[in-house]
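In the numbering used here, the protein residues as written are 1 to 280.
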Ligand code: NAP
């Protein structure tokens, strides 16, 4: 067995649930690389010391998951995306410098590009539910694509207001009970909350008022087809799911660490789908 020359990992606490090893080790095998991707369970109090010795531990970089994303930002040199989102999910060593980015932005956009080609052509009004880390990445991406009006509705209104202040003119904040009234004029409807996820309450919003041309995206991926996506599909609306986002957000980290740009294939999707079904 040849010595592994490049390694990366996912750092989290807990970390067992992460599908990143499945995704990255699939690409490593597919591309025939002498590399490895591992899981590292690191307590919050040990995170700074862990990343300070990333190279000594044999790593060229890492994914970072809950609860370390804000700490990863603070301990690295972030790019504009991670800085704007306020959280980093991908670290890499650039010489001696630990750099970071947030790949949820491109994961969300690339998944829409593949699932609903041309989705942003003429699209002017989006509604994003949620104001957490994922919602911030999505709002950043939508602004980057030139979407004119993005209404952010959140259970805790003050957090939607924070996003409006953070991102400026294209973002309007909305109260949770205003959502139904926004649907008729919405081109893109995004669930970026944990509602609809297995073990969480359902997203209790009726889709009747969305126009037939609307696109619906849900970033929750357990279950694969959330009740929101099921209802949207039943109504003939175009949809993008959370698993697609998860797979696409992994591409950039892999290419930063291993120097090859991997593909999100149907085979990879099936592999992760089977794992999700097996463990749910
Ligand atoms: P987060 O920072 O904890 O934010 C959670 C969001 O959900 C907040 O806006 C929160 O509202 C809202 N929420 C939670 N419970 C609610 C309830 N009962 N009613 C209404 N709103 C509720 O989490 P996050 O990192 O943004 O992640 C959000 C979801 O996206 C998670 O399910 C996560 O697994 C998923 N995700 C998927 C991907 C992917 O690649 N597909 C990537 C990132 C995240 P408050 O502000 O009022 O608490």
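Every residue, glycine too, gets a C-beta built ideally from N, C-alpha and C.
The C-beta of residue 41 has fewer than 16 other C-beta atoms within 10 Å across all chains shown, which makes the residue exposed. Residue range 266–279 is occupied by the alpha helix (DSSP H) that includes residue 269.
Using a Cβ-Cβ distance cut-off of 8 Å, the segment 55–71 and the segment 2–17 are in contact, since at least three pairs of beta carbons, one from each stretch, lie closer than that value.
Relative to the ligand NAP, the beta carbon of residue 156 is positioned inside 7 Å of a heavy atom. By alpha-carbon distance to residue 202, the top candidate from 209, 185 and 230 is 230. The three-state secondary structure of residue 20, taken from DSSP, is helix. Around the beta carbon of residue 44, fewer than 16 other beta carbons sit within 10 angstroms, so the residue counts as exposed.
Of the residues 69, 206, 228 and 173, the one whose Cα lies closest to the Cα of residue 155 is 173.
When only Cα atoms are considered, residue 98 and residue 6 end up about 16 Å apart. By the C-beta criterion, the segment 207–226 is judged to be in contact with the segment 176–191, since at least 3 inter-stretch pairs fall below 8 Å. Ranked by Cα distance from residue 134, the first of 239, 60 and 220 is 220. In this structure, the CA atom of residue 35 is about 31 Å from the CA atom of residue 138. Between the ligand NAP and the CB of residue 134, the shortest heavy atom gap is smaller than 7 Å. Take the alpha-carbon of residue 262 and the one of residue 273: they are about 18 Å apart. Within the same chain, 248 come within 7 Å of residue 110 by CB-CB distance, once the 5 residues on both sides are set aside.
Counting only runs of 4 or more residues that sit fully inside the segment 129–207, the alpha helix (DSSP H) segments are 133–144, 157–167 and 179–182, in chain order.
In the DSSP annotation of this structure, the continuous segment of the alpha helix (DSSP H) that includes residue 113 starts and ends at 104–115. Taking a C-beta distance under 8 Å as the contact criterion, residue 190 and residue 116 do not qualify as a contact pair. For residue 92, the uninterrupted beta strand (DSSP E) segment begins and ends at 90–94. In the three-state reduction of the DSSP assignment, residue 34 falls in the coil class, being assigned neither a helical nor a strand state. Assignment of residue 86 by DSSP, reduced to helix, strand and coil, places it in the coil class. Contact between residue 126 and residue 177 fails: their C-beta atoms lie close to 19 Å from each other, not under 8 Å. Around the beta carbon of residue 101, a 10 Å sphere encloses 16 or more other beta carbons of the protein chains shown; the residue is thus reported as buried. In the three-state reduction of the DSSP assignment, residue 72 falls in the helix class.
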